[in-house]
Every structure is written in C-alpha cells, then in structure tokens.
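What follows is one structure encoded as structure tokens, with my remarks underneath.
Residue numbers (the numbering used here), protein chains in the order written: chain L, 167 to 361; chain H, 112 to 270.
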C-alpha cells in the first residue's frame, strides 16, 4: 500500500521481488544498490543466513526523483526463495504495491519457477490481492547460462497473461533497471488511477 | 487493490505534536511512528543520526514476524513489545491496528514510565488515524494523484 504524505510531499511505494531459491532476487537488488547514486539510495539491509541465503528479506530504499512536486520513494524488498520460508514470504507481501517475479531460466529450474508463481498467487490472495490485477512484471534471469529454456517456453509457462517481461543477467546488470523501471511505472500508473 | 495511506498536513501536525509530547513526557531519546507496511510516518527527538528508513522497515518486519508468532499460539497479535539493550531499549506498540509507535529510551527513563505514556499517546494517535481513515474513504475523496500524466511518469525515468 502506497503512503502519500502531503506534509513532506512524498510518495512511498513498496515493490517485492519474488521467485524460487537462488534465482537472483538479492543479486538484482545488489546491482541496483551498486549502480545507484549515493544521494538516491538508503542503506541496503540483508537479513541473511551465514551462507548468504536470504532469511527474512533484503531491503533497499530508493528515490527516483520528483513527480509534480512529490518525492517518489520506492522500497524494494526480496523474499526468501527457499520453500520452507513460506511464513516470511507471506509477511513481506503485506502492503505491496508491485511485484517482480524473477524466474531462473535454467531448464532444470522450471518446476521450481512454476511452484513459486503459484505460491505467489496464493500468498497474494491471502493478503487480499489478485496477481492478475496488481502491477506485475516478469524477469527471465540467468540468460547467460548454457542450459536455459527459450523465452517462448518461459513465456508459455510463467507469463501466459503477457505482462511486461525482461531478459536479464543480474550480476552484470543486463535487464535489471529495465525490470525495475517497468514495475515502478506500473505502480505509479495504478496510483494515478487511485488504486 | 487496497488504497494506501494518505497523510494530510492537519493530521500530520497533530501526530507530530503527540510524538513530541511523548518524547518529553517519557524522557525518551527518540519516538517514531511507522506504518505496518514499513513506511516511516513521523519521528521526534534525537533522530538525526539514526537511519530512520531502515528502522521503519525493520520495525514493520519485526511486528509482522511477532504477529505471525502470535497467531501460531492462538493470539491475535502482540500489541506491545519490549527489547532491552545494554544502554538503550526499545518499546513498540501497535496503535489502531495499523501503525506502530516506537520509543527508544535509556537509563534516564524506565519501562514503567514509557508504558504509561505510550498508552495515553496511543489512544490519542488512534483517534487521529480513525479520522484519517474516514477522510480517505469519504465520498468524493478522489485519488490525490489523478492529475499525474503519463509524461510525468516517463520523465521520472529519463536519464
């Protein structure tokens, strides 16, 4: 849920990166953090296990600039991808304004992708959201690996509704900002409608 | 989609006033108010050196996690939490079901005093947020951003 503050002239929105374990959600945020002007970003927080797997969430506050005299701030969150952290994933979806689904393009991860999309749909539903109505963007990550499915195949399985989709290689930044811009734009458009 | 929280000047002044008074009355170092979704609403006291954005996000995460734990043991939520540090302590209280009032205090205050003052401030804040909710859902309360154009949004992303 967005937070509009007339007093401080700010719009705050929450975007959640969702996807199966090790698909590159944290890497997306790390790239955004590394490439963003220090004035435009806050501290990145990662609540991770000793093996660097996300335990609760990663958090990155980001300022995009002004729109009609209002500062626009996006709070980016990732969820833990591992199946057994479902309770944490549900909590992080509270108050979400937009979702990025990060798919792992590797053929052997296709079942994990499908399970994760279904899990996203169910968990959003529990919070009163509908995946078919919320601002939603899909990213096909790890396009640089040799054993990847074709984009057509990924689209058929993960994105039958045809929401905006981007190919990405998160560690090098390919597609990372395109994905972020697309979801931010959808969120602002929804805000305009009075969503 | 659920509509978000809209804060108007008048209510913001009331909230800031209540938080300022709580800071004084409770001898607190910092008082801040956070939306349950992790957005910082207001802060009072010595907040200048604090990363309030991160504090807000982690507060919401903590309250959400404790809420999840509460449900697992058959409670609706834990409306008050206290975390004791070596020098500084943290008291969190859920107000009006929607926001979290956080008080950071040290040895100049005490948990008893903080709890007493938080209770009173919480009641006052709950009234303000009730009023805000009514104002937001009043007929004719159009989206405050209806006038944003597609060009405005595009310009935000121009390099």
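Note that beta-carbon positions come from the ideal geometry of N, C-alpha and C, so glycine has one too.
Taken in chain order, the complete beta strand (DSSP E) segments of 3 residues or longer contained in the segment 112-139 of chain H are 116-118. Within chain L, not a single residue places a beta-carbon under 8 Å from that of residue 129(H); the smallest gap is close to 14 Å.
Cα atoms of residue 125(H) and residue 239(H): separation of roughly 8 Å, rounded to the nearest angstrom.
In the DSSP assignment, residue 169(L) falls within the unbroken beta strand (DSSP E) covering 169-171. Contact annotation: the segment 215-227 of chain L touches the segment 168-182 of chain H, with at least three C-beta pairs closer than 8 Å. Only residues of its own chain outside the window of five on either side were considered, and among them 204, 205 have a CB closer than 7 Å to the CB of residue 190(H), listed in chain order. Within chain L, the residues whose beta carbon sits less than 7 Å from that of residue 267(H) are 230, 231, 233, 238, listed in sequence order. Boundaries of the alpha helix (DSSP H) around residue 225(H): 222-248. A straight-line Cα-Cα distance of about 43 Å links residue 264(L) and residue 218(H).
Remark: C-beta atoms of residue 247(H) and residue 145(H) do not approach each other more closely than 8 Å. For residue 123(H), the residues of chain L that pass the 9 Å Cβ criterion are 171, 172, 173, 174, in the order they occur in the chain.
Sixteen is the threshold: since fewer than 16 other Cβ atoms of the shown chains lie within 10 Å of the Cβ of residue 250(L), the residue is exposed. Those residues of the segment 344-356 of chain L placed with their C-beta closer than 7 Å to a C-beta in chain H are 347, 351, 354, 355, 356, ordered along the chain. Here the alpha carbon of residue 358(L) sits roughly 6 Å from the alpha carbon of residue 259(H). Under DSSP, residue 215(L) takes part in no beta bridge, so it has no partner. The Cβ of residue 168(L) sits closer than 8 Å to at least one Cβ of chain H. Separation of residue 227(H) and residue 136(H) (C-alpha to C-alpha, rounded to the nearest whole angstrom) is 10 Å. The Cβ atoms of residue 289(L) and residue 255(L) sit closer than 8 Å to each other. Distance from residue 270(L) to residue 308(L) at the Cβ level is roughly 6 Å; contact confirmed, criterion being Cβ atoms closer than 8 Å.
For residue 348(L), same chain residues with a beta-carbon under 6 Å away, outside a window of 5 residues either side, are 303, 330 in chain order. Note on geometry: alpha-carbon atoms of residue 182(H) and residue 340(L) lie some 42 Å from one another. Nearest to residue 178(L) by alpha-carbon distance, out of 200(L), 240(L), 220(L), 185(L), is 240(L).
Annotated as distal: residue 260(L) and residue 138(H), with beta-carbon spacing of 8 Å or more.
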